[in-house]
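Residue numbers (my numbering): 1200 to 1245.
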């Protein structure tokens, strides 16, 4: 994979890309974050 990271970042720096893989968006959504007195909050819901 040929990547020009310096051009993408708009600053000048040297780098070597060792591995480049495709990234796929995977999304799961819930209908609610809580039931009764039990609720998920903060980092637990990421």
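Ideal Cβ positions, reconstructed from N, Cα and C, are used throughout, including at glycine.
Enumerate in chain order the residues of its own chain whose CB-to-CB distance from residue i is below 7 Å, with the five nearest sequence positions on each side excluded.
i, result
"residue 1233", "1239"
"residue 1226", "none"
Which residue or residues does DSSP assign as beta-bridge partners of residue i?
i, result
"residue 1199", "Nothing about residue 1199 can be reported from this structure: the residues present for the chain run from 1200 to 1245 only."
Which same chain residues end up closer than 8 Å to residue i when comparing Cβ atoms and leaving out the 5 residues on each side of it in sequence?
i, result
"residue 1244", "1232"
Distance check for residue j and residue i, CA to CA, integer angstroms please.
i, j, result
"residue 1215", "residue 1207", "14 Å"
"residue 1219", "residue 1213", "17 Å"
"residue 1235", "residue 1221", "41 Å"
Could you name the residues of the same chain whose beta carbon sits closer than 6 Å to that of residue i, not counting the 5 residues immediately before and after it, in chain order?
i, result
"residue 1229", "none"
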